[in-house]
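Residue numbers for the sequence shown follow this note's numbering, beginning at 1 and rising by one. Quick notes on the structure that follows.
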Amino acid sequence: MNTVRWGLLSTANINRRIIPAIADSQRGKVVAIASRDDETAQAYATKWEIRHAFGSYESMLTSDLIDAVYISLPNHLHAEWSIMAMSKGLHVLCEKPFALSVDEVDQMIAASQRYDCVLAEAFMYRHHPQMVIAGEWAHSGWLGDIHVVRSVFNFTLQSHHNIRLNPEYGGGSLWDVGIYPVSFAQFIMGGPPRWVSSFQWTGETGVDETFAGILHYAGDRIAQISSSFRTPFYTTAEVIGTQGRLTLNQPFVALDEEHKMIFHPSDGEPLEIPVPEKELYLGEVEDMHAAILDGVPNYLTLDETRDHIRTVAALYQAAQTNKVVQLD
Ligand SMILES: NC(=O)c1ccc[n+]([C@@H]2O[C@H](COP(=O)([O-])OP(=O)(O)OC[C@H]3O[C@@H](n4cnc5c(N)ncnc54)[C@H](OP(=O)(O)O)[C@@H]3O)[C@@H](O)[C@H]2O)c1
């Protein structure tokens with residue numbers, strides 16, 4: 001096998017980003033689309049020039065026409081359908097948030113071992129050269145001792161019918177976009193926090209529409225994270241050390257010509273750090289191809305993924321109980 005044949009599980013909006021990334025990747029091809037509805041699948045296949053359309057998720061998974069599945073279902077279905085796909089021998093790239101509890105993550109990891117399938121969280125931003133360079137700056141000591149990480153991901157959620165507002169679907173701003181700042185803090189700090197405190201503002205449907213958390217690490221280090229569905233689009237990330245701070249104005253998504261990574265030394269002029277261009281979703285796809293075709297371990301490990309979910313679950317528990325929650 002030298003090409004991965006991909007099937008997309010659902011006609012989700014986000015597919016529009018992964019389809020061109022797989023097309024650009026050289027070693028993969030989207031060959032199938034599955035929807036709950038046959039007409040929707042057929043129309044989607046025509047629009048995106050996908051060869052095979054399936055009117056149920058099961059029929060694509062048992063078709064023998066694909067090697068790997070991209071799971072872009074609502075959050076509450078990630079674990080169930082990832083496990084189902086792996087039970088048919090298919091490799092899985094599952095959207096963030098990977099699952100809605102640590103127990104679900106553990107079941108997914110167990111399935112990947114039982115069925116010998118590659119399984120990875122689709123956290124595209126971690127694969128971009130910008131994040132690799134930010135990691136080098138943070139971990140090389142150039143910033144001195146890092147004491148604070150700050151990160152935000154906000155946007156205005158316009159539709160009242162969005163899956164992100166449904167508590168039964170794993171809705172909420174922290175699950176949806178706050179998990180990026182959580183993941184960034186974990187990446188920079190080298191692991192999950194020891195304890196967390198937080199506060200959430202709950203909307204009419206019962207999900208957090210704005211969330212703020214403080215993550216406490218060994219060595220008196222903290223990360224401040226927040227997310228919201230109620231403000232215009234805004235992302236930022238900042239790593240603050242004894243020798244200076246590193247700021248990223250587009251850490252997670254847009255990465256257009258306005259993006260900037262700047263080192264502000266404790267004395268001296270700010271230094272803009274160049275970042276190589278790369279299509280944002282290509283890295284996670286190439287990473288899957290290397291894992292499936294060459295047997296290379298995934299860049300983002302399942303232990304890291306498990307810790308993302310562990311931290312988010314602890315942050316929700318802290319907000320809902322109004323208490324500090326210990327992780328270790
Ligand atoms: N990494 C990123 O940049 C990124 C960006 C956006 C979203 N995401 C993630 O991708 C996932 C999908 O988000 P999205 O905004 O693209 O979703 P969406 O447009 O609302 O699509 C979700 C799809 O899931 C299927 N589905 C199955 N059961 C459903 C149910 N009960 N209610 C609604 N839809 C159902 C539907 O496809 P069929 O009708 O075809 O079956 C629907 O099109 C989420 O987990 C989200 O966190 C990731």
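Ideal placement from N, C-alpha and C gives every residue a C-beta, glycine not left out.
Beta-carbon gap between residue i and residue j smaller than 7 Å
i: V239; j: L315; result: no
i: P129; j: S151; result: no
i: G55; j: D67; result: no
i: V31; j: H52; result: yes
i: S266; j: G244; result: yes
i: A218; j: V149; result: no
i: S183; j: H76; result: no
i: L119; j: V102; result: no
i: A23; j: Y57; result: no
i: R230; j: H216; result: no
i: S87; j: M108; result: no
i: Q335; j: V325; result: Outside the displayed range of the chain (1 to 328) lies residue 335, so it cannot be described from this structure.
For residue i, the residue or residues it bridges with in DSSP
i: N15; result: DSSP, once it has assigned bridges, lists no residue as partnering N15.
i: V149; result: A223 and V239
i: F263; result: L246 and L271
i: H216; result: W195 and I222
i: T305; result: DSSP lists no partner for T305.
i: D202; result: The sequence shown places Thr at residue 202, rather than the Asp named in the question. According to DSSP, T202 bridges with D208.
i: V4; result: G28
i: L93; result: Y70 and A120
i: Q107; result: DSSP lists no partner for Q107.
i: I33; result: L8 and A53
Per-residue DSSP class, three states only, for residue i
i: V130; result: Correcting the residue identity first, residue 130 is Gln in this sequence and not Val. Q130: helix per DSSP, three-state reduction.
i: N162; result: coil
i: T311; result: helix
i: V285; result: helix
i: V207; result: coil
i: F187; result: helix
i: N232; result: Just to set this straight, residue 232 is Pro in the shown sequence, not Asn. P232: strand per DSSP, three-state reduction.
i: L9; result: strand
i: V325; result: strand
i: I50; result: coil
i: N154; result: strand
i: G172; result: coil
i: Y125; result: helix
i: A79; result: helix
i: P181; result: helix
i: D64; result: coil
i: A254; result: coil
Where residue i falls, given that 16 or more other Cβ within 10 Å makes a residue buried
i: F187; result: buried
i: S72; result: buried
i: N154; result: buried
i: M1; result: exposed
i: E95; result: buried
i: D208; result: buried
i: Y234; result: exposed
i: S10; result: buried
i: H78; result: buried
i: Q200; result: buried
i: A110; result: exposed
i: R114; result: exposed
i: S140; result: exposed
Contact the segment 156-166 vs the segment 282-289: 3+ CB pairs below 8 Å: Counting C-beta pairs closer than 8 Å gives fewer than three between the segment 156-166 and the segment 282-289, which falls short of the contact rule.
Any 3 or more C-beta pairs closer than 8 Å across the segment 248-257 and the segment 113-132: Yes, the segment 248-257 touches the segment 113-132.
At least 3 beta-carbon pairs within less than 8 Å: the segment 258-272 vs the segment 163-183: Two segments are said to touch when three or more pairs of C-beta atoms, one from each, lie closer than 8 Å; by this definition the segment 258-272 does not touch the segment 163-183.
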